[in-house]
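Note that numbering that gives the first Met the number 0 numbers the sequence shown so that position 494 is 493, with each residue one more than the last. Reading through the C-alpha cells given below for one structure.
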Amino acid sequence: MYFWRRYLIVGGLLLLLGGGGMLYWKRAEITDALFRTVKRVGRHRTPDTPAEGSEHEGTAKRERKRYTPIPVEPPSAAGAPVEVLRKASLEMIERLAPITWARAIGKEQDPSTPLVDDSPLFSKKWLAALEAGIAEETDPRRKRALEYLHHDLLRRHIAASVADLDRKIREIAQRPAVVLGEERLNLDTAFARLVEEEDAAARKEIAQAMVPVIERMNPLFEERIARKEKAAHALGYPNYLALAESIGMHDFARLSKQASEILDRTRSLYVELLAETASHELSLPLPALSRHDFPRMLSLPRFKDAFPRERLLPSLRGVLAGLGEDVAGKPIVLDIADRAGKGARALTVPVKIPTDIRVSLKPLGGYLDYAALFHEWGHALHYAFSEDEFFEFAYLGPASVREAYAFVFERIAASDPFLEHHLEIPEATRRIIRRELAWAHLYLLRRYAAKFLFEVMRYQNDMTPEEAAERYREFLSDACGVLLDESDGMWYLKDGDDDFAAADYLEGWILAGQIENFLVYNFGDAWFERPGGGYLMGFWFRKNEPTAQEVSAQTGEEALTPERLLQRIEAMLHPPIPAPE
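What follows is the structure, given as C-alpha cells:
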C-alpha cells in the first residue's frame, strides 16, 4: 500500500500537525523516558535474562521473542499437520485476495464481507501444531518458511479478535457525516478536499468538521487496543508490544534509537525546507502554518502541470523499458479508473503470485499520482519475481523488505534524470521541485519516526486518554514543526499505529536508502536507465525470504543504519551524480 495516500486520504496526514507557531520542545525528556520503557519490552519472559551488554545478550533477545508454548495437543488431520496447515493457509490467502481487490476498486457486491477469515487456522491448537513443526524442522529454508507462516497466523489471530470493531470503524468512516454547510462528506472525500482546497480558512473548516466523526470512532479504537492486549496475553506474550516486535522481526530498542537519531539530525534542515515550501506552495509564513495545510502542501500544487496525467503511464512504460524486457514484460493489471465507491488509497494485490498481480490507483493529479504509481509498481514487480516452492517467501515475510523495494522504485519519480528525460522539466524548475520533494521526504520520515516512538511509549505506560493525547501532540509537534492544538490531540487514536506499521515503514526507508545508495554509487542517479536494473532484479529474485539485515548486507553495508537514507535525501539538494566511467 502506498503510504502517501494513506496519510492524505485514509490514515489522515492532516492528523500530524496543528496549531500555529514554531515548536521548541525539550525532546531529551521524552527520549530518555522512552528508552527507559522500550528496554523493558519482553524483559520478563525468562528469569535469567542476561544484563545488557553481556556476551549472551543476543541469544537472550532472540529467546525473548519466542512466545510461551501453548499447552495443547496438536489437531489430528489426515497427513502431516504442518502440511495440512500450509495448504489451508495458501488457500485462504488466495480466496481472500479477490475480495480485497473487489473492495479496493469499488466492485464488491457485499461490502459487509469480512476480510478476516473465521478459519480454525487461528485456533491455539493450530498455532501449537505449527510451533511444534518449527521446533522439529532441520532444513534451514523450510524452517524459516514455517516461521514466516507462524508470524502471519499470529497477525491474523489478532486481526480476528478485532474484526467486528474494524468493520464498525470502517462503516463510520464511509458515512457522509462530515458536515460542510449544505454538503455531507465521508472522511475519504474530506481528506481529498483538503488537498484540493486553496483557501487556508476553508481548509481549517474542513478539518474542524472531521473532529466529531473522530470522536465517534475513539471508543472503538480504545476497545481495539484493549482486545489486542488481551489476545497477546492469551498467546503467551507479556504484552502486545512484545508480540508486535516478534512478528514484525524488529528490534524496537535499536529502532527507537534510530528514530530519535533521525529526528535530531534532520531538524534544522527540515525547518529550513518547511519554511521555503510553505512560502512557495501556500504563501504562508511558518508561524501561520497549521496541520490542515500539510495535505495540500505535500501535493506541490504550483507544479501540478509539471506532472500531467497524460504522461503518467507513458513515463512508467519508459522506465520499465529502460530496465529491460524481463521487467517490462511482467503481466501486471492496473485499474486507474475514477469510479464511485473505489478506494482512495493506492495498493497492490497479489491475487496469485507470479501470474496475477493487480494495482489500483485513483488519480488525484500532480506528483502524488506519480509517486503512488511507482511505489505500487515496485511492490508489483517484487511479487512478479517471487515465485518459490515455499509460498511463504512469496506472500509473507518481513514487511519492511517489501516496503524497501517499493520505496526504491518510488524514488525514481523524484530523481533528476526522470524529471528531465521523461517529463522534460527545465533544470531551474527541477532544482526547486527537488528541494520541495526533499522536504516532503523528510516530513514523512520524521512523522513516522515520531509515530513509532509515541506508540512504543503508549504501550509501555499506563496512560489515560487525555495523557496519551497530550504525548501524541508533543511527539508529532516536534517532528512536524508546528504546535498541535488541543483538538488535534483527538486524532491520537485514528492517526495512531497500533499495528506498528510505522516500524515497517521506518525500517523499509532505512533499507531503501542503502539499496538506492548501492545503485547510485555503481550506476549514477540514472541507474534505472542503465544496467542497474539488473542489479535491482537481483534483490527481487531473493523474493521475501531474506531479512532486512540480510538485504542490507547484500548492499555491502556493515549494519542497517539510517546514514545512507539521510545522505540520499540530502543529495536531492545537489546536482545529480553521473554514471561512473
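Note that CB positions come from ideal geometry on N, CA and C, so glycine has one too.
Taking the alpha helix (DSSP H) that residue i belongs to, which residues open and close that run?
i, result
"Ser551", "Ala547 to Gln553"
"His149", "Pro139 to Ser160"
"Ser476", "Pro464 to Cys479"
"Lys124", "Lys123 to Glu135"
"Lys256", "Phe251 to Thr276"
"Arg541", "It is not in any alpha helix (DSSP H) - Arg541 carries neither H nor E in the DSSP assignment."
"Arg316", "Leu311 to Leu322"
"Asp415", "Asp415 to His420"
"Glu391", "Glu391 to Tyr394"
"Leu297", "Phe293 to Leu297"
"Glu402", "Ala398 to Glu409"
Between which two residues does the beta strand (DSSP E) carrying residue i extend?
i, result
"Ser359", "Asp355 to Ser359"
"Asp334", "Ile331 to Asp334"
"Arg183", "Glu182 to Leu184"
Going by CA-CA distance only, name the one from the options that's closest to residue i.
i, options, result
"Val407", "Gly531, Leu89 and Glu388", "Gly531"
"Arg202", "Leu219, Gly235, Ala162 and Ser289", "Ser289"
"Tyr369", "Phe453, Leu312 and Glu388", "Leu312"
"Glu515", "Ala437, Ala439, Lys351 and Ala403", "Ala403"
"Leu164", "Pro218, Val178, Leu120 and Arg192", "Pro218"
"Glu196", "Ala287, Leu120, Glu222 and Pro300", "Pro300"
"Asp263", "Arg308, Ala448, Val550 and Phe538", "Ala448"
"Phe384", "Tyr491, Phe538, Ala398 and Arg529", "Phe538"
"Thr560", "Glu271, Trp508 and Phe527", "Trp508"
"Ala159", "Thr137, Ala128 and Lys123", "Lys123"
"Glu222", "Arg445, Ala252, Lys493 and Pro545", "Lys493"
"Ala208", "Val550, Gly180, Lys86 and His156", "Gly180"
"Ala349", "Glu82, Thr99, Val81 and Pro80", "The identity of residue 349 in the sequence shown is Pro, whereas the question assumes Ala. Looking at the Cα atoms, Thr99 is the closest of the given residues."
"Ala398", "Val550, Gly495 and Gln566", "Val550"
"Leu234", "Glu557, Ala225, Ile157 and Ala427", "Ile157"
"Leu126", "Lys256, Asp151 and Gln553", "Asp151"
"Ile335", "Val358, Ala511 and Lys142", "Val358"
"Val455", "Asp198, Arg253 and Met536", "Arg253"
"Ala511", "Ala500, Gln548, Asp498 and Ala478", "Gln548"
Within its chain, find whatever has a CB closer than 7 Å to the CB of residue i; leave out the 5 residues flanking it on each side and keep chain order.
i, result
"Arg472", "Leu483, Asp487 and Gly488"
"Arg401", "His378, His381 and Asn543"
"Glu386", "Ile352, Pro353 and Ala393"
"Glu528", "Gly321 and Pro416"
"Arg85", "Leu148"
"Asn238", "Glu228, Ala231 and Tyr458"
"Val194", "Leu7, Pro294, Arg295, Ser298 and Leu363"
"Pro175", "Arg183, Leu184 and Asn185"
"Ile411", "Val318, Phe373, Phe417 and Phe527"
Put residue i into one of helix, strand or coil per three-state DSSP.
i, result
"Leu510", "helix"
"Thr347", "strand"
"Leu179", "strand"
"Glu375", "helix"
"Leu581", "It is not possible to answer for residue 581, since the shown part of the chain is limited to 0 through 580."
"Asp368", "helix"
"Tyr236", "coil"
"Phe220", "helix"
"Asn584", "Because the chain here runs from 0 to 580, residue 584 falls outside it and cannot be looked at."
"Arg529", "coil"
"Glu93", "helix"
"Lys106", "coil"
"Thr560", "coil"
"Leu283", "coil"
"Met248", "coil"
"Arg433", "helix"
"Pro574", "coil"
"Ile568", "helix"
"Ser486", "helix"
"Ser289", "coil"
Just to confirm my understanding: we take residue i, look at its own chain, exclude 5 residues before and 5 after, and list those with CB closer than 6 Å. What are they?
i, result
"Gly317", "His421"
"Tyr491", "Ala467, Ala468 and Tyr471"
"Ile396", "Here residue 396 is Gly; the residue named in the question, Ile, does not match the sequence. Cβ within range, chain order: Tyr147 and Asn543."
"Ile356", "Ile331, Pro349, Ala379, Tyr382 and Ala383"
"Gly480", "Val270 and Leu273"
Who are the near neighbours of residue i in its chain, counting only those whose CB is closer than 8 Å to its CB and skipping five residues on each side?
i, result
"Met571", "Ala413, Arg433, Arg434, Leu436, Ala437 and His440"
Tell me, please, whether the CB atom of residue i is closer than 7 Å to any CB atom in chain B?
i, result
"Pro349", "Annotation note: the requested chain B is absent from the structure, which comprises a single protein chain."
Across the stretch 319-335 and the stretch 458-471, are there enough close Cβ pairs to call them in contact, namely three or more that are closer than 8 Å?
Verdict: no, contact absent.
Under 8 Å: do the stretch 233-251 and the stretch 263-282 share three or more Cβ pairs, one atom per stretch?
no
Pair every Cβ in the stretch 196-214 with every Cβ in the stretch 169-177, then say whether three or more of these pairs are closer than 8 Å.
yes
Determine contact between the stretch 302-312 and the stretch 421-434, defined as no fewer than three beta-carbon pairs at a distance below 8 Å.
The stretch 302-312 vs the stretch 421-434: in contact.
Can you find at least 3 beta carbon pairs, one from the stretch 428-448 and one from the stretch 226-240, that sit closer than 8 Å?
no
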